[in-house]
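Note sheet for the following structure.
There are 4 protein chains.
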Amino acid sequence: MIQLNYRDAKPIYEQVKDGFRRLIVQGVMEVDEKLPSVREMASSLAINPNTIQRAYRELEQEGYLYAVAGRGSFVAGVPEEDSARRKELFAAFDAAVEELLYLRVGEEEICQRVAQVHQKMMGKGEKAKE
Amino acid sequence: MIQLNYRDAKPIYEQVKDGFRRLIVQGVMEVDEKLPSVREMASSLAINPNTIQRAYRELEQEGYLYAVAGRGSFVAGVPEEDSARRKELFAAFDAAVEELLYLRVGEEEICQRVAQVHQKMMGKGEKAKE
Amino acid sequence: MIQLNYRDAKPIYEQVKDGFRRLIVQGVMEVDEKLPSVREMASSLAINPNTIQRAYRELEQEGYLYAVAGRGSFVAGVPEEDSARRKELFAAFDAAVEELLYLRVGEEEICQRVAQVHQKMMGKGEKAKE
Amino acid sequence: MIQLNYRDAKPIYEQVKDGFRRLIVQGVMEVDEKLPSVREMASSLAINPNTIQRAYRELEQEGYLYAVAGRGSFVAGVPEEDSARRKELFAAFDAAVEELLYLRVGEEEICQRVAQVHQKMMGKGEKAKE
DNA sequence: GTGGTCTAGACCACG
DNA sequence: GTGGTCTAGACCACA
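Residue numbers (this note's numbering), protein chains in the order written: chain A, 1474 to 1603; chain B, 1474 to 1603; chain C, 1474 to 1603; chain D, 1474 to 1603.
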């Protein structure tokens, strides 16, 4: 369900967050669907429950999940006000583009790449609402 | 010459590296031009010499600089073999683009953004216009 | 009769308690009126009977209900001695007001809010108009 | 500097957060002022460093602090966009007011209380900007 | 069984 | 010495 890469500099809890955020934003997980319990995820990924809990907690703070003590964690949907996330993404995007441009990668090539990514997505994730 | 932002989460040595890499790649610093000594940089930026040294060392490893014992560090130019770096950048780029697309940001808007970044760069470092 | 919100962080038994406390204090339920049995409530709300039992037990401790073994639970009225509860509420109230004032929310706006809350309450439970 | 109450239902990390948020919002701590290090706070309050770190991390996410690895944590100021915090506060406020009204506390008395809190604040925290 | 808090202690990168 | 991540394991309240 979630792929971890221990060699990646990105912390594990971030990888878990990104994984679930993707599933939610793509519509693979539906609203009110139950997530695996903290302990289940922890044992299935062979990592510490605290690490999973941190990922869940932060996703809850961001509005992707809601947790009910004693019952579990559930998909809340994609938060309307995700402007914060967009800012992050645009910042990462800008940084990458800037450096690519410095490395003499053309503006056209970059825009083509956007289209390619788009194509690839359409192929895979047809579940995403339109 | 180099602008540091202490509030930024990015480590100081990274900021120093990025600053010089930019100056080199933009052509502001010419090949074989001498960089300020580690001590000079350290005192002018009011930071630890170790931090500067690390930046210089890594830039040398990446091929942007060459060091001559007892004389200092000099600009080597923009390394040809930066394909590894490109791969990294494209991976980061693709991930950002993909999530932006999921968040209903249009392909056009993204491409426009590329152009904007390009513009902004041109504004700063006009020497790079090639 | 009682509205549950599973997404709310507030525990179910608290929601049940609050629901009945409101009905009693508003006069919707009259003194000596019988409450639904634990089993009835549990099945009508589709939750665990233990949860209902806990709500009833605590309301009894607080003086809102009295239980008669073998016959059920009945409304006792609004307990006079709720000064402890008042203290708690005033403490929470003061803390909220203080921080709102620090955040540059005006005294007038806050007082208007009190009136609004009052209005909204009147709308729902008009029997409480005294 | 910060007062902990172990008997309070409020988690310790929340108490720490509230304490620092208050100091910042009141202007007692100035922008760019350094906070005690995680380990200092932990030992001075006799609690685990992880608990302090969680408080600091969340305050950073909320925009009150910024942290620089290797240097420390510093006051960022009062985030402009604290609408989320306001919502929380108003929710707590409304809940308290509603229940007070049910307990037959008059609207006038409540508004007077707001004024009293305001008075008390003026007396103490004259450092708060105007 | 669930999520939530807290502790104790480890290791890392940064300066 | 700083913050940041992670582990291991405990205890609690809730259902």
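Where a beta carbon is used, it is the ideal one built from N, C-alpha and C, also for glycine. These numbers were taken from a predicted model, which means no experiment stands behind them.
So what's residue i in DSSP terms, helix, strand or just coil?
i, result
"residue 1479 (chain C)", "coil"
"residue 1540 (chain A)", "strand"
"residue 1492 (chain A)", "helix"
"residue 1545 (chain D)", "strand"
"residue 1484 (chain D)", "coil"
"residue 1593 (chain B)", "helix"
Looking at chain B, is there any beta carbon in it that lies within less than 8 angstroms of the beta carbon of residue i?
i, result
"residue 1539 (chain D)", "yes"
"residue 1531 (chain A)", "no"
"residue 1645 (chain A)", "An answer regarding residue 1645 (chain A) cannot be provided, because it is not within the stretch 1474 to 1603 covered by chain A."
"residue 1499 (chain A)", "yes"
"residue 1487 (chain A)", "no"
"residue 1518 (chain A)", "no"
Check whether the Cβ of residue i lies closer than 8 angstroms to any Cβ atom in chain D.
i, result
"residue 1477 (chain C)", "no"
"residue 1567 (chain C)", "yes"
"residue 1588 (chain C)", "yes"
"residue 1688 (chain C)", "Look at the range of chain C in this structure, 1474 to 1603, and you will see that residue 1688 (chain C) is not part of it."
"residue 1570 (chain C)", "yes"
"residue 1580 (chain C)", "yes"
Could you give the C-beta distance for residue i and residue j, rounded to a whole number, given that I count them as a contact under 8 angstroms?
i, j, result
"residue 1495 (chain A)", "residue 1537 (chain A)", "About 10 angstroms; that fails the 8 angstroms criterion."
"residue 1565 (chain D)", "residue 1564 (chain C)", "The pair is not a contact, with the Cβ atoms about 11 angstroms apart (cut-off 8 angstroms)."
"residue 1506 (chain C)", "residue 1548 (chain C)", "5 angstroms"
"residue 1545 (chain A)", "residue 1508 (chain A)", "7 angstroms"
Inspect the beta-carbon positions of residue i and residue j and report whether they are closer than 8 angstroms.
i, j, result
"residue 1528 (chain B)", "residue 1489 (chain B)", "yes"
"residue 1591 (chain B)", "residue 1580 (chain A)", "yes"
"residue 1501 (chain B)", "residue 1575 (chain A)", "no"
"residue 1520 (chain D)", "residue 1492 (chain D)", "no"
"residue 1459 (chain D)", "residue 1486 (chain B)", "The structure shown does not extend to residue 1459 (chain D), since chain D spans only 1474 to 1603, so no value can be given for it."
"residue 1522 (chain B)", "residue 1512 (chain B)", "yes"
Quick check: is the beta carbon of residue i nearer than 8 angstroms to any beta carbon in chain A?
i, result
"residue 1480 (chain C)", "yes"
"residue 1535 (chain B)", "no"
"residue 1583 (chain B)", "yes"
Shorter than 8 angstroms from the beta carbon of residue i to some beta carbon of chain C?
i, result
"residue 1496 (chain D)", "no"
"residue 1594 (chain D)", "yes"
Three or more C-beta pairs below 8 angstroms linking the region 1566-1580 of chain D and the region 1579-1592 of chain C = yes
Take every Cβ of the region 1510-1522 of chain A, pair it with every Cβ of the region 1554-1563 of chain A, and state whether three or more of those distances are shorter than 8 angstroms.
-> At 8 angstroms Cβ cutoff, the stretches do not touch.
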